[in-house]
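Working notes for the structure below.
Residue numbers (our numbering): -3 to 621.
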């Protein structure tokens, strides 16, 4: 199907969807999009699903769904490409070949209605491919990662429900020292955008090993030389939750919430009380964090907590009760002042080794394993509790006894009716299994490379591990995996799948629709040949595949808009198409590469266009709910 026919077909479907019936909608379920087998379908982002809508008068209607691409990252909607990157002065970043740097990795979306004007905030996570086809992260003398960006898109909605991008502008982060690897995100209950900084390359400092120190150096060099124009970048300026306010004229205001702590944030999702937030902490040996703001709709001051897993069962994904360790309370201004004082890691912690200090326990040191697989022996310096809590949040969580054994913790979202939080654990391995000699071994569950999505019961009236009341009615109390959301590893099949294609593998983006009673799950899989978006009905337990991404492409940008002027949308982007998983047989890779070049062609540099096929778009065709 051509792009034009895809768009026109979806417009007709949206028009049908907009003709709402007088009866109320009672429920929505979806038909399945099969896992693709044929080459062309494996290389195309598509849906063959329908939404089956049941009404209060007993009737049902079927609404076929289609994927609509609003724009590609390379498209010009204005005087530059949509995902072009700029420095702190607004000058375009150029690569070593003189080509503009354009990210191929659109991630989070927040489609916002601001006084009747539609805008969409979109993340660009990292750069992957240079214009000449070389891999940016492997180019000799180049930077492993670029300082990244978000954009704000002006959106027009047709009477038929079609969404059109009329302009795309970069959001200025120069007032907060720039932006580093924005991953997932989404809208707040008060209609702003809450993003993330997945601070892989800048998180590790001082005692984290040669490999991680090299990453830190490379990341700081990119920020200093490419973004700040030679000024020295401070790693403590990055790794926070940014909030973007979009005004009716399309202008934006940006803040970073330093009081929410610093780690490799996937995203922060705010609960219905507009005060409590949970984080996805993406990486190896990570923690589950919770933030409770002092005031609703204001994330500039609050208390930060980390969970303690008390295992009940290790079967499958395991189950546990949760306790909460309070790391501290702060305001954004207090933490920013600590950063601006020039504090370093060595000002916060003393570090040693077992060889240098054989009696380290007697001298008040503690061993932690937090953020990577190596152990660190640390002692907090006097008066540095607040700096540790908000600048070294994961390390301090482990230091105080919270669990730092979760692995690849990704998206989170909540069902407000049942008061359940959902947490994607993309790969259930490493710290989540028994580790001999580890400083702690709270989690001991079965290894599932395909991962799982956990369900966390929430309640009020809870206290932290010091017996102090937690001022929230949305505190996690117990954690388990619904059977339908447990991945299944399999022997490699003919296409290269090493996880069951009819089950979720390596869940990443999560978004819950209260109107549809459905948790939507997007994959970032190294185990599925094609990544999928799934719909899981939390009441019936039914799991349905509703979107198939082009092979190699990650499913990103997940947001569900239940009703926008009579239409519903599942926002869905994709990135790094053609990054084939390692288990694919050589003949399958050769077949896909040849067909992809034929389908998508090459650019002026001879680069296969399929590697640059990164789309910002949505599933359309549903009526407003």
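Ideal Cβ positions, reconstructed from N, Cα and C, are used throughout, including at glycine. Bear in mind the structure is a predicted one, so any value in this text is a computation, not a measurement.
Asked, Found
"Residue 416, buried or exposed, once every other Cβ within 10 Å from all chains shown has been counted against 16", "buried"
"Residue from 620, 610, 615 whose Cα sits closest to the Cα of residue 78", "610"
"Cβ pair residue 194, residue 167 closer than 8 Å", "no"
"Exposure of residue 390, with buried meaning 16 or more beta-carbon neighbours within 10 Å", "buried"
"Neighbourhood of residue 314 by C-beta distance below 6 Å, restricted to the same chain and skipping five residues each side", "441"
"Under the three-state DSSP convention, the category residue 426 falls into", "helix"
"Given residue 148 as reference, the closest of 115, 596, 141, 329 once Cα atoms are compared", "115"
"Those residues which DSSP pairs with residue 80 across a bridge", "98"
"Spatial distance of residue 246 from residue 81 (CA atoms)", "19 Å"
"Residue interval of the alpha helix (DSSP H) (run including residue 341)", "341 to 344"
"Three-state secondary structure (DSSP) of residue 202", "At residue 202 the pLDDT is 48, less than 50, meaning the model places this residue with poor confidence and gives no usable figure here."
"Inter-stretch contact at 8 Å, needing at least 3 Cβ pairs: the segment 422 to 429 / the segment 284 to 295", "no"
"Counted within 10 angstroms of its Cβ, other Cβ atoms place residue 545 as buried (16 or more) or exposed", "buried"
"Cβ-based burial, residue 634 [other Cβ within 10 Å; buried from 16]", "Nothing about residue 634 can be read from this structure; the chain reaches only from -3 to 621."
"Exposure label - residue 187; buried when at least 16 CB within 10 Å", "exposed"
"Proximity of residue 528 and residue 554 at Cβ, strictly below 8 Å", "no"
"Residue from 150, 169, 173, 156 with nearest C-alpha to residue 162", "150"
"Nearest-angstrom Cα separation, counted from residue 146 out to residue 248", "11 Å"
"Pick from 333, 334, 373, 254 that is closest to residue 299, judged by C-alpha positions", "254"
"For residue 625, the first and last residue of its enclosing alpha helix (DSSP H)", "Given a span of -3 to 621 for the chain in the structure shown, any question on residue 625 remains unanswerable."
"Option nearest residue 499 by Cα separation, candidates 532, 467, 492, 471", "532"
"Rounded Cβ spacing between residue 480 and residue 539 (contact assumed at less than 8 Å)", "5 Å"
"Residue 262 in three-state terms, based on DSSP", "strand"
"Sequence-distant residues of its chain with Cβ nearer than 6 Å to residue 316 (five each side left out)", "305, 306, 307, 308, 475"
"Beta-bridge partners of residue 375, as assigned by DSSP", "346"
"In chain order, each beta strand (DSSP E) run of at least 3 residues that lies wholly inside the segment 478 to 510", "503 to 509"
"Contact set for residue 173: own chain, Cβ-Cβ below 7 Å, skip 5 residues either direction", "233"
"Beta carbon proximity, residue 138 to chain B, threshold 8 Å", "The structure shown contains no chain B, having only a single protein chain."
"Beta bridge counterpart(s) of residue 252 as assigned by DSSP", "238"
"Residues near residue 468 in its chain [Cβ-Cβ closer than 6 Å; skip 5 each side]", "272, 288"
"Rounded C-alpha distance that separates residue 132 from residue 371", "31 Å"
"Residue 142 burial status per 10 Å Cβ neighbour count (16 or more: buried)", "buried"
"Neighbourhood of residue 551 by C-beta distance below 6 Å, restricted to the same chain and skipping five residues each side", "518, 519, 527, 529, 545"
"Cβ-based burial, residue 1 [other Cβ within 10 Å; buried from 16]", "Here the model assigns residue 1 a pLDDT of 30, short of 50, so the residue's position is not dependable, and the following value carries that caveat. It counts as exposed."
"Buried versus exposed, by CB contacts within 10 Å (16 or more), residue 93", "exposed"
"Residue 566 - partner residues in DSSP beta bridges", "556, 615"
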